[in-house]
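Novice: My questions will all concern the structure given below.
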Amino acid sequence: MLPIWMKKQAQLVRSLPFIPRGTILLMLLKPSFSLRNGSFVGFCSTLPPSRGSVNDFSYLKRYTHRWCNRVRREPHQIRNAITILKKNSFSSFSFTREKTDGLKSTSNDSIPTAVNVDQLLLELERKKKISVPIKDVLQNSLDFTKRAHIFYDTESSNTLEGQEKEESDLIQDQATPEISHPFEYGDLLVLAHTTGLEIGIYVGTNPKNHANLITTITEDGDMSFNRIPRVLLRFPKFIEEFHRYCRKKKLNGQLRIPPNYLEMITRSLKRINKEIQETCFNNLVKYNEIYPTLRAREPMPFHVTFAELLKIVYKDQTPSISEKIALLTYLATRNRHFVVLDHLFSEIQTVFLNPLYVDPTFEDVLHTIRIKSPAYFTFLRKARQLIQNEGSKTLPSSPKTIRPIPLRSFIWDDYEKKIINFIKYQTIMCNLQKVPHPLLSDIYKDLGLYDYTKDFSANDFHKLLCDIGVWSPWTLSRLLAPEAQIAFPQLHYKTRKKYEEDYEHFSDPSHSVSKDVLEDLRTDLTHLNCFAIDSSSTLEVDDAISIEKKRKGFWLHIHIANPSSMIDLNSPLMAFAERNFQTLYLTHIEKKFMLPLGLTKQLWTLDGSDRQRALTFSAKLSKNGEVLDYKVQPSWISRVKRYTYSQVCAALNEKENLTVYSSVQSRNLAKEPEIPADDRQAIFSILEEVKKFTRLKQKNNSFMFQQPSLSVDLLPEKIPETMISGTNPVYWSSFPSISLTINHSGMNVAELLVSECMILAGHISAKFFSEHRIPGIYRGQNIPFSFDNSFNEHFDKLLRARDEWGKVPLEQMYPISPYLTSSYMSTKGAPHFSLGINSGYMQSTSPLRRYTDLINHYQMQCLFLKDKSKLITQEQIEKNLPYYSIKEKLIKYTSRYTERFWALEFLARLPKDKLPLCHGIINNEGQPTVILEEFGLKAQITTANLDLDLDKCHLTRKAVRIMLVQPFQNQLFVSIVEE
419 MLPIWMKKQA QLVRSLPFIP RGTILLMLLK PSFSLRNGSF VGFCSTLPPS RGSVNDFSYL
479 KRYTHRWCNR VRREPHQIRN AITILKKNSF SSFSFTREKT DGLKSTSNDS IPTAVNVDQL
539 LLELERKKKI SVPIKDVLQN SLDFTKRAHI FYDTESSNTL EGQEKEESDL IQDQATPEIS
599 HPFEYGDLLV LAHTTGLEIG IYVGTNPKNH ANLITTITED GDMSFNRIPR VLLRFPKFIE
659 EFHRYCRKKK LNGQLRIPPN YLEMITRSLK RINKEIQETC FNNLVKYNEI YPTLRAREPM
719 PFHVTFAELL KIVYKDQTPS ISEKIALLTY LATRNRHFVV LDHLFSEIQT VFLNPLYVDP
779 TFEDVLHTIR IKSPAYFTFL RKARQLIQNE GSKTLPSSPK TIRPIPLRSF IWDDYEKKII
839 NFIKYQTIMC NLQKVPHPLL SDIYKDLGLY DYTKDFSAND FHKLLCDIGV WSPWTLSRLL
899 APEAQIAFPQ LHYKTRKKYE EDYEHFSDPS HSVSKDVLED LRTDLTHLNC FAIDSSSTLE
959 VDDAISIEKK RKGFWLHIHI ANPSSMIDLN SPLMAFAERN FQTLYLTHIE KKFMLPLGLT
1019 KQLWTLDGSD RQRALTFSAK LSKNGEVLDY KVQPSWISRV KRYTYSQVCA ALNEKENLTV
1079 YSSVQSRNLA KEPEIPADDR QAIFSILEEV KKFTRLKQKN NSFMFQQPSL SVDLLPEKIP
1139 ETMISGTNPV YWSSFPSISL TINHSGMNVA ELLVSECMIL AGHISAKFFS EHRIPGIYRG
1199 QNIPFSFDNS FNEHFDKLLR ARDEWGKVPL EQMYPISPYL TSSYMSTKGA PHFSLGINSG
1259 YMQSTSPLRR YTDLINHYQM QCLFLKDKSK LITQEQIEKN LPYYSIKEKL IKYTSRYTER
1319 FWALEFLARL PKDKLPLCHG IINNEGQPTV ILEEFGLKAQ ITTANLDLDL DKCHLTRKAV
1379 RIMLVQPFQN QLFVSIVEE
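According to our numbering, the sequence shown holds residues 419 to 1397 in order.
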């Protein structure tokens, strides 16, 4: 029989949300752990694995603190146990004691049981869930002196003098690797998490030096792995003695902490935490004055610098460490006013004002919900009727025009509109805050919609708004979140009208552009046959390629549209382009162009009939692909012939490996005409020259991943407005028809040809900037490494598996992916690892679509005009790079999200018996995933079959069955089909 205190603990844990059923939460019962004498308490939530996996340890860690406070256990004891579970995947079990039958595994709801460790280990071994004795694995996991590369230095001298005499034995006979971030041992870091901010001391990277991951020690003395982009503030050498010790030891990212230093770290963190709390309390009145101060400005700013906010609060005083962190804590937790985003490798510079915030706080509405007023019950009755009658209907897919259907028999009164606005606002914020507003949850429960076997999610509230006729089924609440509005002023309800007005105004050349300042300097290249190879749907043709035969070989020319020569840097049109930043390609939204399309077609597109302005990057390549000579020159071109990727593939005798899925019968597409023989020969000559450069890059270890690519098309092309504001619920006549095109080979030969030409142009551009010493915006990618030899081994296999274009299969991609970082923007030339370019690379080939490319064109233009006084300085560019990085990241993320949403929506609308059996290479590094060959979609693997050993499936091709599709959460779950 269980002790009463244990039953109470069980009730507490079982009442916590967000812990998936099947997860064992382990707690050490004794301060000093011993495998022989120690015992665990295993807890299992009553919730099913609705996320498709029981490996969601972020939720465990999040609620561990609260549980520990209640049962008076130290949080670090729990987190250490969770770390063991995560590392060894002990996550698919629940246990119960049934009378005298002993410990048994069950998939049903279970009660927590105190078990002897040996008994637990025997049970797990009997189930054969791992390939080595579980007791040995667990022993080695807990014995930090045996862990590779990260461990507590229990054998070091206890005195500082003794430690300074010791020499490091971690790295022998190898050069010091270059760490790809600026952190040093002893730095105090402030990190952003979904549950708030966390402070810790930097103590190294991670066991294998996986990219973007660093290790910190928290005030509890626990090790914590964090993503580098989560670092918001850094205070160098906060613990100077520890910093000196690590420098003396030459640890180079590896962790070795003597006990006395660990005590010093935890003591310092507890002290600074206490100071932060006191500072927050003492300055709360000043913090609350920040928003009114900013709002009083005309115009109200969209974003402000962190330094400016420090000045508002602390005036001319130099703020201390605790004062800086206290202010950031206030900003990060006050989401209704401010938005704090991730920053890359730098102290936070920009804080955005929440564009969704409105003054009304819904207090009157909240009060009626709390007291369950008659008006609130009237709203519930009407909403239930709508959900029952209209919300349960499934819209048919149709390529025809989608019509709104207002329900005239229902009228929302002013009070009900306020409730609806509250639900909309909190649904949007739920994506940001992760946890729904308590009263939002109450509304959902009062409507009788809550399923107690599942967790709340933004998807539930989104469906509610669709069912009561407020949102359309294609309203994406993530596009309405503050982050998305920062990235897309073209779509924000407060700035969209201004975008449309400016777009119309600047479409007239007399209002927007000046005379071409490079007109007299342009080289006449109109004699060249130029080819613009792109998708048939492309409207902004901003690149073309040509080849020219000379006596001593060939010159390869990449011609790029050149709008900067007609746009003044300080003009309203340039400011318009900076606000937009990029042309937006969101699947269901009409394209939003960075520069007005009418202006582009009239002055800059390269497929016009007249001669066109271009900036031409020319290269003469050796047989080995080296750039023997290059030119960058403003030019005139004409005779541009436009061909699609499919036409070029046919001309080069390459068959495309495509599959098209459509929710309606596909139309018969007209066959594209063949490319004439002369043009076919010219394109083949370009291909041969480009392959030389590709081979050179491969000698420098370039590679690209070969995986299926996906594109989504919708009919009708114009999807109606997604948000309806009015007095009547609005439903819709049909759902858009979705068509998926999957290229199973990834990029085809035509796309590779164009891509390699653009990379060559970027390489030439970097050479030009470096030679003339002008500031610009470069692109780099850090060179990865591991403390052991694991990365080198995986990378050698990858290089041997490349094809002639450098493409590698997925089974070679998975082992090195954790080591790779995303590319980044910089004002200095840096190596780009995956491109195989060591001497610098920059993007300058899409000035009609990317603002950073337009800036690079402007810089080159200043050199052509021999007027360096007009150059944008390096300091000015560096100041803007964090803002550009944030916008670029958000645009990329949201574009992927929307395309994946529509692909998942296509799958979700298929009958279950129509879902095909899929295949893919299993990746069991961390969260088990697979990329479906049939759809080009990444899916999470559920652990529905507990007898399947995922470790044995790693890097093997398996058949999988689609289990659960959640479009709004962008999640797809599959299970492995046993052979």
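Cβ coordinates follow ideal geometry from the N, Cα and C atoms, glycine included. None of the values given here were measured: they were computed from a predicted structure.
(1) My output table needs one value for Asp605: the three-state DSSP class, helix, strand or coil.
(2) Taking only three categories from DSSP, how would you classify Leu1033?
(3) According to DSSP, is Ala1068 helix, strand or coil?
(4) Using 8 Å for Cβ pairs, my map puts Ile1234 next to Leu1216. What's the rounded Cβ distance?
(5) Would a C-beta distance cut-off of 9 Å place Val400 and Leu1335 closer than the cut-off?
(6) Is there contact between the stretch 1334 to 1352 and the stretch 1374 to 1385, where contact requires at least three CB pairs shorter than 8 Å?
(7) Extract the residue ranges of the beta strand (DSSP E) inside the stretch 1323 to 1372, only unbroken runs of 3 or more that lie entirely within it.
(8) In whole angstroms, what separates the C-alpha of Ile976 from that of Phe1319?
(9) Starting from the N-terminal side, write out each stretch of the beta strand (DSSP E) that is 3 residues or longer and does not extend beyond the stretch 1261 to 1315.
(10) I'd like the span of the beta strand (DSSP E) that includes Gly1043, first residue to last.
(11) What three-state label does DSSP hand Gly1016 in the structure shown?
(12) State buried or exposed for His1181, treating a residue as buried only when at least 16 other CB atoms are found within 10 Å of its CB.
(13) Quick one: what's got a C-beta closer than 7 Å to Asn858's C-beta in the same chain, skipping five residues either side?
(14) Does the stretch 1113 to 1126 come into contact with the stretch 1212 to 1230, if we say contact requires no fewer than three beta-carbon pairs (one atom in each stretch) closer than 8 Å?
(15) Would a C-beta distance cut-off of 9 Å place Met1012 and Leu1266 closer than the cut-off?
(16) Quick check on this structure: which residue in Ser1155, Met1165 and Glu1317 has the alpha carbon closest to the alpha carbon of Asp1221?
(17) Mark Gly1344 as exposed unless 16 or more other C-beta atoms lie within 10 angstroms of its C-beta, in which case mark it buried.
(18) Just tell me which of Asn1118, Ala1068 and Leu1132 has its CA closest to the CA of Tyr1102.
(19) Run through the stretch 1083 to 1118 for me and flag every whole alpha helix (DSSP H) of 4 or more residues, listed as ranges in chain order.
(20) On the criterion of 16 or more Cβ atoms from any shown chain inside 10 Å, does Asn627 qualify as buried, or is it exposed?
(21) Using only the alpha-carbon positions, how far apart do Gln1051 and Asn1118 sit?
(22) Going by CA-CA distance only, name the one from Leu1178, Leu1114, Leu894 and Leu1325 that's closest to Ala1357.
(23) If you compare alpha carbons, which of Asp885, Leu1015, Ile675 and His755 is closest to Tyr921?
(24) I need the DSSP call for Ile552, collapsed to helix, strand or coil.
(25) So is Thr1005 buried or exposed if we call it buried at 16+ other beta carbons inside 10 Å?
(26) Leu987 to Leu1272, Cα distance in whole Å?
(27) Tell me whether Asp734 sits in a helix, a strand or coil according to DSSP, three-state version.
(28) Determine the direct distance from the alpha carbon of Glu1044 to that of Leu1114, and round the result to whole angstroms.
(29) Determine the direct distance from the alpha carbon of Pro1154 to that of Ile886, and round the result to whole angstroms.
(30) For Leu1105, count the other beta carbons within 10 Å of its own beta carbon; 16 or more makes it buried, fewer makes it exposed. Which is it?
(31) Identify, in the order they occur along the chain, each residue of the same chain with its Cβ nearer than 7 Å to the Cβ of Val1383, setting aside the five sequence neighbours on each side.
(32) How would you write the range of the alpha helix (DSSP H) that Met641 sits in, first residue to last?
(33) What is the rounded straight-line gap between the Cα of Asp734 and the Cα of Leu727?
(34) Considering only the alpha carbon of each residue, which of Gln1116, Tyr705 and Ile1160 lies closest to Phe1251?
(35) How should Arg652 be labelled, buried or exposed, when 16 other C-beta atoms within 10 angstroms of its C-beta is the threshold for buried?
(36) Pull up the distance between the alpha-carbon of Arg896 and that of Pro1091, whole angstroms please.
Specialist: Let's see:
(1) For the purposes of this step, residue 605 is identified with residue 187 of the sequence shown, where counting begins at 1. Three-state result, Asp605: coil.
(2) Locating residue 1033 in the sequence shown gives position 615, where the first residue counts as 1. It is a strand residue.
(3) Along the sequence shown, read from residue 1 onward, the residue named residue 1068 stands at position 650. Note: Ala1068 maps to helix in three-state DSSP.
(4) The residue you call residue 1234 lines up with position 816 of the sequence shown. The residue you call residue 1216 lines up with position 798 of the sequence shown. Yes, Ile1234 and Leu1216 are in contact; Cβ-Cβ is about 6 Å, under 8 Å.
(5) Absent from the model: residue 400. The displayed extent of the chain is 419 to 1397, so no value can be given.
(6) yes
(7) 1336 to 1341, 1347 to 1349 and 1356 to 1359
(8) For the purposes of this step, residue 976 is identified with residue 558 of the sequence shown, where counting begins at 1. For the purposes of this step, residue 1319 is identified with residue 901 of the sequence shown, where counting begins at 1. So the alpha carbons of these two residues sit roughly 36 Å apart.
(9) none
(10) Here residue 1043 refers to the residue found at position 625 of the sequence shown. Looking at the DSSP string, Gly1043 is not in any beta strand (DSSP E), and its letter there is neither H nor E.
(11) What you label residue 1016 is simply residue 598 of the sequence shown in a count that begins at 1. Looking at Gly1016 - three-state DSSP - the assignment turns out to be helix.
(12) Indexing the sequence shown from 1 puts residue 1181 at position 763. So His1181 ends up on the buried side.
(13) The count along the sequence shown starts at 1 and reaches residue 858 at position 440. Residue 858 is actually Leu in this sequence, not Asn. Only Ile841, Gln844 and Phe879 meet the Cβ criterion.
(14) yes
(15) Here the question's residue 1012 lines up with position 594 in the sequence shown. Here the question's residue 1266 lines up with position 848 in the sequence shown. Yes.
(16) Position 803 of the sequence shown, counting from 1, holds the residue named residue 1221. Among Ser1155, Met1165 and Glu1317, the Cα nearest to that of Asp1221 belongs to Met1165.
(17) Locating residue 1344 in the sequence shown gives position 926, where the first residue counts as 1. Burial call: exposed.
(18) As a working note, residue 1102 is residue 684 in the sequence shown. At residue 1102 the sequence reads Phe, which differs from the Tyr that was named. Nearest C-alpha to Phe1102: Ala1068.
(19) 1095 to 1117
(20) Here residue 627 corresponds to residue number 209 of the sequence shown, with the count starting at 1. Buried, because 16 or more other Cβ atoms sit within 10 Å of the Cβ of Asn627.
(21) As a position in the sequence shown, residue 1051 is number 633, starting the count at 1. As a position in the sequence shown, residue 1118 is number 700, starting the count at 1. Distance between the alpha carbons of Gln1051 and Asn1118: 28 Å.
(22) In the sequence shown, residue 1357 corresponds to position 939, counting from 1. For the residues Leu1178, Leu1114, Leu894 and Leu1325, the minimum Cα distance to Ala1357 belongs to Leu1325.
(23) If you number the sequence shown from 1, residue 921 lands on position 503. Among Asp885, Leu1015, Ile675 and His755, the Cα nearest to that of Tyr921 is on Leu1015.
(24) Reading the sequence shown from its first residue, position 134 is the one you call residue 552. Confidence in Ile552 is poor, its pLDDT being 34 and thus under 50, which makes the residue's placement unreliable; the coordinate value appears in the next sentence. In this structure, Ile552 counts as helix in the three-state DSSP scheme.
(25) The residue given as residue 1005 occupies position 587 in the sequence shown. Buried.
(26) Along the sequence shown, read from residue 1 onward, the residue named residue 987 stands at position 569. Along the sequence shown, read from residue 1 onward, the residue named residue 1272 stands at position 854. For Leu987 and Leu1272, the distance between alpha carbons rounds to 10 Å.
(27) Walking along the sequence shown from the start, residue 734 turns up at place 316. DSSP places Asp734 in coil when its eight states are reduced to three.
(28) Taking the first residue of the sequence shown as position 1, residue 1114 is located at position 696. Taking the first residue of the sequence shown as position 1, residue 1044 is located at position 626. So the alpha carbons of these two residues sit roughly 7 Å apart.
(29) Taking the first residue of the sequence shown as 1, we reach residue 886 at position 468. Taking the first residue of the sequence shown as 1, we reach residue 1154 at position 736. The straight-line gap from Cα to Cα measures roughly 20 Å.
(30) Along the sequence shown, read from residue 1 onward, the residue named residue 1105 stands at position 687. Counting Cβ neighbours within 10 Å, Leu1105 comes out buried, since at least 16 surround it.
(31) The residue labelled residue 1383 in the question sits at position 965 within the sequence shown. Closer than 7 Å at the Cβ level, and outside the excluded window around Val1383, lie Leu1322, Leu1325, Ala1326 and Leu1390.
(32) For the purposes of this step, residue 641 is taken as the residue at position 223 of the sequence shown. No alpha helix (DSSP H) holds Met641; the beta strand (DSSP E) holding it covers Met641 to Arg645.
(33) Numbered from its first residue, the sequence shown carries residue 734 at position 316. Numbered from its first residue, the sequence shown carries residue 727 at position 309. Going by the C-alpha atoms only, they are around 12 Å apart.
(34) Numbered from 1 along the sequence shown, position 833 holds the residue referred to as residue 1251. Per the Cα distances, Gln1116.
(35) Counting from 1 along the sequence shown, the entry for residue 652 is found at position 234. It counts as buried.
(36) On the sequence shown, residue 896 is found 478 positions in, with the first residue counted as 1. On the sequence shown, residue 1091 is found 673 positions in, with the first residue counted as 1. Their backbone Cα atoms lie some 42 Å apart in a straight line.
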